[in-house]
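Numbers 1 to 431, taken from the numbering used here, label the letters of the sequence shown in order.
Cβ atoms here follow ideal geometry from the backbone N, Cα and C, with glycine treated the same way.
Since we're looking at a predicted model, the values are computed, not measured.
Here is the structure we will look at.
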Amino acid sequence: MKRTFFSTLILLLITALTVSAQEIQVNSDRLHKSLMKLSSYGKNAAGGSDRQAYTVHDIEARKYVIGLMKDSGLEVSVDFAGNIIGKKAGKNPALKPIAFGSHIDEVPNGGDYDGPVGSMGAIEVVKTLSEQGIQTDHSLEVIIFTNEEGGVVGSRALVGALSKEALQVVSSSGLTQYEGIQALGGDPERIPELKRNSGDLAAFLELHIEQGGNLYTEELNIGVVEGIVAIEWWEFSFLGKANHAGTTPMNMRKDPMLPAAELVLAVNKIVTSYEGKQVGTVGKIQAFPGAGNVIPGEVKVTLELRDLSSEKIWKIYSEIEQKAKSLASGNEIGLKIKHIEVASKPALADPMVREVIKSQAEKLGFSTKSLPSGAGHDAQEMARIAPMGMIFIPSKDGISHAPDEFSTQEDIANGTNVLLHTILELDKRLK
Ligand SMILES: [Zn+2]
């Protein structure tokens, strides 16, 4: 009797293991084929992608993607901002949709993976569910956002954060955003009608390449994104006295290049003195008048700080500010500081969604790492209205926005399987 019970238990265990080994999976070859086909739109002689938003390549690629979405069982429409929206009804119409997607536009001479992986992955998830005859309780919504690379235009439109002024900005296609959206079949005048509110979506998910080297270097499968960092910029102007470089003795100079140079070193030292993943960069130095034989009268140094915590950014900044002031006064140089712009607020991933991504990745046998996203994404805009989660896969050598951008077929399929199982688990949990 005891023995029978024991063997039954073993049998049950074996069955459970077999089932978990047979978790439904996306079709890796089909996904790879659709990615390769998408990459043919706008391929240039250097092997890069010139599929900037609103160009003929973007428009042709969108037609291909719309066909693929329809073929996957999605009901497809193009909204007033040019976003491609694909819907699949759920069993329970009272539940808000689970949305996921990314973008297919690229920077000039960009790669084939930043955006396409999350877009083709999203469509492959729906195709797999349709094939398996699985209908989720929540309706599903695949979103292919308009012009991500040129200012997260489509996602801003969806959350009501796209201003009239932003529509007049000229995009890399040469058209204004307004004209470009019209070229995609949108109606910029009616964009305010698109606005979704907090609670309109059950969740938003985006699969994306890491665009950094953490996962690739550490040979890990899946990145569980903690959030998208905030970015702050400042400009330090050191004010001295311009004079002849040949006739002004060293002890009679008021040279603003000296404190500026020391500040560059200090930024690196201060930023690295804090625990954590914050980054700080001096990316631009300008000397005025800027001649080889003139002691500059003014030197401008930019500072950019990024982190998931705005509080931490400002704490680090205040230390850098103190240092700049003391360097200026020590050299008898004037100093003006300008806070140029807040490029973005941090967008934190939802803790429950993060936990589901991590546990589903582990269930599928993948190694994971929690990390922030140093680059902006549509998900950061969507986080304003919905619990957000992002799944990263490795980028070879951490390269992106370049023809050398690369992720393996296996890594792409792994990330897409994590997306699929995250959606299925959220479908159970979000009621
Ligand atoms: Zn992207």
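Just to confirm before moving on: does the CB-CB distance between Gly297 and Lys336 stay below 9 Å? Along the sequence shown, one-based indexing puts residue 297 at 297. Along the sequence shown, one-based indexing puts residue 336 at 336. Taking 9 Å as the Cβ cut-off, Gly297 and Lys336 do not qualify as a contacting pair.
Can you tell me whether Glu149 sits near ligand 1, meaning its C-beta is under 8 Å from at least one heavy atom of the ligand? As a working note, residue 149 is residue 149 in the sequence shown. Yes, since a heavy atom of ligand 1 falls inside the 8 Å radius drawn around the Cβ of Glu149.
Using 8 Å as the Cβ pair cut-off and three pairs as the minimum, do the segment 194 to 203 and the segment 257 to 266 touch? no
How close, in whole Å, do the beta carbons of Thr368 and Val224 come, if the pair is a contact with beta carbons under 8 Å? Along the sequence shown, read from residue 1 onward, the residue named residue 368 stands at position 368. Along the sequence shown, read from residue 1 onward, the residue named residue 224 stands at position 224. The Cβ separation is near 5 Å, so the contact holds.
Just checking Ser395 against ligand 1 - is the residue's beta carbon closer than 8 Å to any of the ligand's heavy atoms? Reading the sequence shown from its first residue, position 395 is the one you call residue 395. Not under cutoff, so the answer is no.
Reduced DSSP secondary structure (H/G/I, E/B, other) of Gln286: Walking along the sequence shown from the start, residue 286 turns up at place 286. Residue state, collapsed to three classes: strand.
Which ranges does the alpha helix (DSSP H) cover as unbroken runs of at least 4 residues, wholly within the segment 236 to 274, from first to last along the chain? Whole alpha helix (DSSP H) segments, 4+ residues: 257 to 272.
Is the beta carbon of Gly185 within less than 8 Å of some heavy atom of ligand 1? Taking the sequence shown and counting its residues from 1, one reaches residue 185 at position 185. No, the Cβ of Gly185 stays beyond 8 Å of every heavy atom of ligand 1.
Taking 8 Å as the cut-off, is the C-beta of Ser102 nearer than that to any heavy atom in ligand 1? On the sequence shown, residue 102 is found 102 positions in, with the first residue counted as 1. Answer for Ser102: yes, Cβ within range of ligand 1.
Among Val353, Val170, Val65, which one has its Cα closest to the Cα of Leu35? Working through the sequence shown from its first residue, we reach residue 35 at position 35. The candidate whose alpha carbon is nearest that of Leu35 is Val65.
Entirely enclosed alpha helix (DSSP H) segments - the segment 172 to 210, minimum 4 residues: 177 to 183
What distance in whole Å lies between the Cβ atoms of Glu149 and Val107, which are believed to be in contact at a cut-off of 8 Å? The residue given as residue 107 occupies position 107 in the sequence shown. The residue given as residue 149 occupies position 149 in the sequence shown. Sure, about 5 Å apart at Cβ, within 8 Å.
Shell residues, 5 Å Cβ cut-off relative to heavy atoms of ligand 1: Asp114, Gly115
Looking at the unbroken alpha helix (DSSP H) that takes in Ala157, where does it start and where does it end? As a first step, residue 157 must be located in the sequence shown, where it is residue number 157. That run of the alpha helix (DSSP H) goes 153 to 158.
Closest Cα partner of Leu308 within the set Met257, Leu158, Gly227, Arg196: As a working mapping, residue 308 is identified with position 308 in the sequence shown. Residue Gly227 is the option with its Cα nearest to Leu308.
Are the segment 416 to 426 and the segment 227 to 237 touching by the rule of at least three beta carbon pairs closer than 8 Å? no
Environment of Ile333 [buried if 16+ CB atoms lie within 10 Å]: Here residue 333 refers to the residue found at position 333 when the sequence shown is read from its first residue. Ile333 comes out buried.
Which same chain residues end up closer than 6 Å to Arg253 when comparing Cβ atoms and leaving out the 5 residues on each side of it in sequence? Here residue 253 refers to the residue found at position 253 of the sequence shown. Taken in chain order, the residues that qualify are Ile295.
Give the list of continuous beta strand (DSSP E) stretches no shorter than 3 residues that lie fully inside the segment 97 to 154. The segment 97 to 154 is shown to contain whole beta strand (DSSP E) runs of 3 or more residues at 98 to 103, 140 to 145, in chain order.
Rounded straight-line distance, which links the Cα of Phe80 to that of Pro192: Position 192 of the sequence shown, counted from the first residue, corresponds to residue 192. Position 80 of the sequence shown, counted from the first residue, corresponds to residue 80. Distance between the alpha carbons of Pro192 and Phe80 is about 9 Å.
Would Ala361 and Gly292 be called neighbours here (beta carbons separated by less than 9 Å)? The residue labelled residue 361 in the question sits at position 361 within the sequence shown. The residue labelled residue 292 in the question sits at position 292 within the sequence shown. Cβ atoms of Ala361 and Gly292: not closer than 9 Å.
Complete beta strand (DSSP E) runs within the segment 334 to 384 (minimum length 3 residues, chain order): Note on the segment 334 to 384: whole beta strand (DSSP E) runs with a minimum of 3 residues are 334 to 344, 368 to 373, in chain order.
Exposed or buried, which one is Arg190 when buried takes at least 16 other CB atoms within 10 Å? Here residue 190 is taken as the residue at index 190 of the sequence shown, counted from 1. Flag for Arg190 reads exposed.
Cutoff 6 Å; reference Ile412; Cβ partners in own chain excluding five residues on either side: Counting from 1 along the sequence shown, the entry for residue 412 is found at position 412. Excluding sequence positions up to five before and after Ile412, its CB lies within less than 6 Å of the CB of Val117, all in the same chain and listed in chain order.
Thr15 to Ile24 span [Cα, whole Å]: For this step, residue 15 is matched to residue 15 along the sequence shown. For this step, residue 24 is matched to residue 24 along the sequence shown. Because the pLDDT of Thr15 is 49, which lies under 50, any placement of that residue in the model is unreliable, and the number read from its coordinates should be weighed accordingly. Distance between the alpha carbons of Thr15 and Ile24 is about 15 Å.
Let me know the secondary structure DSSP gives Ile412 once reduced to three states. As a working mapping, residue 412 is identified with position 412 in the sequence shown. The answer is helix: DSSP assigns Ile412 an H, G or I state.
Whole-angstrom Cβ separation of Asn147 and Gln177, contact assumed at under 8 Å? Locating residue 147 in the sequence shown gives position 147, counting from the first residue. Locating residue 177 in the sequence shown gives position 177, counting from the first residue. The pair is a contact, with the Cβ atoms about 7 Å apart (cut-off 8 Å).
Quick one: complete alpha helix (DSSP H) runs, 4+ long, within the segment 14 to 59? 28 to 39
If you compare alpha carbons, which of Val26, Ser39, Ile98, Asp187 is closest to Ile143? In the sequence shown, counting from the first residue as 1, residue 143 sits at position 143. It is Ile98.
Sequence-distant residues of its chain with Cβ nearer than 7 Å to Leu175 (five each side left out): Here residue 175 refers to the residue found at position 175 of the sequence shown. Cβ within range, chain order: Tyr54, Ala183.
With Leu430 and His208 assumed to form a contact (beta carbons below 8 Å), what rounded beta-carbon distance in angstroms separates them? Start at 1 with the first residue of the sequence shown, and residue 430 comes out as number 430. Start at 1 with the first residue of the sequence shown, and residue 208 comes out as number 208. That belief does not hold up - the Cβ atoms of Leu430 and His208 are roughly 22 Å apart, past 8 Å.
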